[in-house]
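Asks: My questions will all concern the structure given below.
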Amino acid sequence: EKPKNPEHGDFSSNICFRMSRQLKTAPQAIAEELVKHFSNASIKLLAIGGFINFKIDNSLYQNEVKLILEKKEKYADMDILKNKKIQVEFISANPTGPLTLANGRGGFSGDVLANVFKKLGAKVEREYYVNDGGNQVKTLGKSILAVAGLFKEEDDLYKGPYIEEWSLDNKAMVRDLKDDPFALGVKAANDLLEDKIKPSVKNMNINFDNWFSEKEMIEKGEVDEAIEKLKKYKLTFEKDGALWMRTTDFGDDKDRVLVKTDGEKTYFANDVAYHFDKLYKRNFNKIIDIWGADHHGYVGRMKAAVDAMGCPDSLDVIITQMVRLIKDGKEFKISKRKGTYATVDEL
29 EKPKNPEHGD
39 FSSNICFRMS
49 RQLKTAPQAI
59 AEELVKHFSN
69 ASIKLLAIGG
79 FINFKIDNSL
89 YQNEVKLILE
99 KKEKYADMDI
109 LKNKKIQVEF
119 ISANPTGPLT
129 LANGRGGFSG
139 DVLANVFKKL
149 GAKVEREYYV
159 NDGGNQVKTL
169 GKSILAVAGL
179 FKEEDDLYKG
189 PYIEEWSLDN
199 KAMVRDLKDD
209 PFALGVKAAN
219 DLLEDKIKPS
229 VKNMNINFDN
239 WFSEKEMIEK
249 GEVDEAIEKL
259 KKYKLTFEKD
269 GALWMRTTDF
279 GDDKDRVLVK
289 TDGEKTYFAN
299 DVAYHFDKLY
309 KRNFNKIIDI
319 WGADHHGYVG
329 RMKAAVDAMG
339 CPDSLDVIIT
349 QMVRLIKDGK
359 EFKISKRKGT
369 YATVDEL
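Numbered according to my numbering, the sequence shown spans residues 29 to 375.
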């Protein structure tokens with residue numbers, strides 16, 4: 029932190045207070061001892077009240093500015109991660125509506141992190157996982173049919189002006205697909221991705237290297253392929269008519285269903301296939317997933333799945349916290365299903 033008194037330097041550290049209990053020595057004594065062993069012409073260390081204060085000579089700043097002007101965008105480039113291939117997957121909001129402020133928080137975090145890895149010499153890929161093959165897309169189709177009067181209103185349907193707008197702009201398609209909400213949802217999701225999500229991402233000055241389609245992954249048979257691999261290595265078992273993955277063998281609190289009793293594959297099965305693709309088909313050394321706080325409970329099972337694939341410590345999950353919004357003095361929660369949200373474009 030910055031000392032209140034300028035004479036005490038530019039920055040200070042409380043590390044000696046943290047070391048005091050372990051060393052059973054007063055913080056000031058520790059500070060004085062550490063200062064004795066530091067020598068730098070441009071940085072002077074002071075032991076004051078148990079803190080170590082840093083007084084930096086202006087010449088250090090001046091030399092650094094000269095270096096920045098000289099190297100420009102190559103400033104601070106390193107080769108620490110030169111031989112590493114890292115993927116950062118972030119935002120990945122369902123294509124069921126515009127990007128909200130919560131999506132923006134994960135977006136900027138992911139983009140900055142990718143920039144840092146690139147500066148450290150890694151080969152970095154930014155990816156957006158498009159959830160266009162699951163129940164959310166079917167719910168989107170039902171939501172459109174509901175505003176058109178062709179489906180009964182339900183609590184979990186998406187609401188918002190964009191739903192009504194799309195329904196009005198595509199009346200013929202809505203009528204033709206009234207008995208197939210999933211197919212209708214796929215059409216709408218694709219339009220929302222192209223007309224709302226991608227322009228918002230561009231406005232955020234984020235450039236994804238890849239937009240990965242869940243639907244295409246399923247259609248290519250990659251989920252079935254991943255499940256067969258798990259079976260081959262005895263990582264699955266059948267119970268109560270369903271197919272389960274032995275995630276408890278790898279630290280999860282319970283085993284997870286891959287295929288339900290009716291033959292439908294779970295969202296988890298799709299995620300396993302997606303991470304299998306990252307690790308074994310595209311050969312990333314490290315994958316970083318940035319999720320919202322509502323996905324916190326999903327971390328354990330996903331890490332267990334990656335460990336089961338033979339890639340321990342290959343996955344890091346970063347959780348971004350919820351965005352708290354106040355309107356008319358009261359908090360209101362962001363929810364596309366309730367139609368209560370603020371978009372990233374409104375920033």
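Beta carbons are placed, not taken as given, at the ideal position from N, Cα and C, and that holds for glycine.
Bear in mind that the values here come from a model prediction, so they are computed numbers and not experimental data.
Per DSSP, Val-152 is paired with what?
Replies: The partner list for Val-152 (beta bridge, DSSP) reads Ile-114.
Asks: Quick check on DSSP: helix, strand or coil for Thr-276?
Replies: If DSSP states are grouped into helix, strand and coil, Thr-276 belongs with the helices.
Asks: Can you tell me where the alpha helix (DSSP H) holding Lys-64 begins and where it ends?
Replies: Residues 55–64.
Asks: How many Å lie between Ile-346 and Ala-142 at the Cα?
Replies: Cα to Cα, Ile-346 sits roughly 13 Å from Ala-142.
Asks: For Gly-291 and Arg-46, what's the separation of their Cα atoms in angstroms?
Replies: Looking at the two C-alpha atoms, the distance is approximately 56 Å.
Asks: I'd like to know whether the C-beta atoms of Phe-79 and Ala-59 end up nearer to each other than 8 Å.
Replies: The answer is yes: Cβ separation under 8 Å.
Asks: My understanding is that Val-351 touches Arg-133, with C-beta atoms under 8 Å, so please give their C-beta distance in whole angstroms.
Replies: About 6 Å; that satisfies the 8 Å criterion.
Asks: At which residues does the beta strand (DSSP E) containing Glu-359 begin and terminate?
Replies: Segment 358–360, the beta strand (DSSP E) holding Glu-359.
Asks: Can you name, in chain order, every residue of its own chain whose Cβ lies under 6 Å from the Cβ of Gly-161, other than the five neighbours on each side?
Replies: For Gly-161, where only same-chain residues beyond five positions count, the Cβ hits under 6 Å are Glu-242, Lys-243, Ile-246.
Asks: In whole angstroms, what is the alpha-carbon distance linking His-303 and Val-285?
Replies: One C-alpha to the other measures close to 17 Å.
Asks: Just to check my reading of the structure: Ser-137 and Ile-318 have Cβ atoms closer than 8 Å, yes? What is that Cβ distance to the nearest angstrom?
Replies: Contact flag correct, Cβ pair sits at about 6 Å.
Asks: What is the DSSP secondary structure of Thr-348, counted as helix, strand or coil?
Replies: Strand.
Asks: Which residue wins for smallest C-alpha separation from Met-273, given the options Asn-42, Val-300, Gly-249, Thr-289?
Replies: It is Val-300 whose Cα lies nearest to the Cα of Met-273.
Asks: Count the other C-beta atoms from every protein chain shown that fall within 10 angstroms of the C-beta of Gly-279, then say buried if there are 16 or more, exposed otherwise.
Replies: Exposed, because fewer than 16 other Cβ atoms sit within 10 Å of the Cβ of Gly-279.
Asks: Which residue wins for smallest C-alpha separation from Ala-370, given the options Gly-37, Ala-104, Ala-297, Gly-188?
Replies: Of the candidates Gly-37, Ala-104, Ala-297, Gly-188, the one whose C-alpha sits nearest the C-alpha of Ala-370 is Gly-188.
Asks: Report the rounded CA-to-CA distance for Thr-264 versus Thr-276, giving the unit in angstroms.
Replies: Cα-Cα distance, rounded: 11 Å.
Asks: When the Cα atoms are used, what is the spatial distance from Met-201 to Ser-363?
Replies: Going from the Cα of Met-201 to the Cα of Ser-363 covers about 27 Å.
Asks: Looking at the unbroken beta strand (DSSP E) that takes in Ile-318, where does it start and where does it end?
Replies: That run of the beta strand (DSSP E) goes 314–320.
Asks: Would you decide whether Asn-233 is buried or exposed? Buried here means 16 or more other CB atoms lie within 10 Å of its CB.
Replies: Exposed.
Asks: By the three-class DSSP mapping on this structure, what secondary structure does Glu-181 have?
Replies: Glu-181 falls in the coil class under three-state DSSP.
Asks: According to the neighbour-count rule (16 or more other Cβ atoms, all chains shown, within 10 Å of its Cβ), is Glu-181 buried or exposed?
Replies: By the neighbour-count rule (16 or more Cβ atoms within 10 Å), Glu-181 is not buried but exposed.
Asks: Using the beta-carbon count (16 or more within 10 Å), is Lys-139 buried or exposed?
Replies: Note on residue identity: the sequence assigns Asp, not Lys, to residue 139. So Asp-139 counts as buried.
Asks: Which partner residues of Val-285 appear in the DSSP bridge assignment?
Replies: According to DSSP, Val-285 bridges with Trp-272.
Asks: So, helix, strand or coil for Ser-342, using DSSP?
Replies: Coil, per DSSP.
Asks: Please say whether Pro-126 and Ser-228 have beta carbons closer to each other than 8 Å?
Replies: In contact: Ser-228 and Pro-126 (Cβ atoms closer than 8 Å).
Asks: According to DSSP, is Glu-242 part of a helix, a strand, or is it coil?
Replies: Glu-242: helix per DSSP, three-state reduction.
Asks: Going by beta-carbon coordinates alone, are Phe-236 and Tyr-156 separated by less than 8 Å?
Replies: Contact flag set, yes.
Asks: Just mark Lys-99 as buried or exposed, buried being the case when its beta carbon has 16 or more other beta carbons within 10 Å.
Replies: Result: exposed.
Asks: Using 8 Å as the cut-off, can you tell me whether the region 78–95 makes contact with the region 112–123, which would need three or more C-beta pairs spanning the two stretches below that distance?
Replies: Output reads no: the region 112–123 does not touch the region 78–95.
Asks: Classify Tyr-186: buried if its beta carbon has 16 or more other beta carbons within 10 angstroms, exposed otherwise.
Replies: Buried: at least 16 other Cβ atoms inside 10 Å.
Asks: Suppose the cutoff is 6 Å on Cβ atoms and the five residues either side in sequence are ignored; what does the same chain contact list for Lys-110 look like?
Replies: Excluding sequence neighbours, Lys-110 sits near Gly-149.
Asks: Kindly indicate the opening and closing residues of the beta strand (DSSP E) around Lys-72.
Replies: Residues 71–76.
Asks: With C-beta atoms as the reference, is Gln-115 less than 8 Å away from Ile-316?
Replies: Yes; because the gap between Cβ atoms is below 8 Å, this pair is in contact.
Asks: Along the chain, where does the alpha helix (DSSP H) containing Glu-222 start, and where does it finish?
Replies: From DSSP, Glu-222 is part of no alpha helix (DSSP H); its letter is neither H nor E.
Asks: Compare the beta carbon distance of Lys-314 and Ser-342 with 8 Å and say whether it is the shorter of the two.
Replies: Cβ distance < 8 Å, so Lys-314 and Ser-342 count as in contact.
Asks: Quick one: is Pro-55 buried, meaning 16 or more other Cβ sit within 10 Å of its Cβ, or exposed?
Replies: Answer is buried; the Cβ neighbour count reaches 16.
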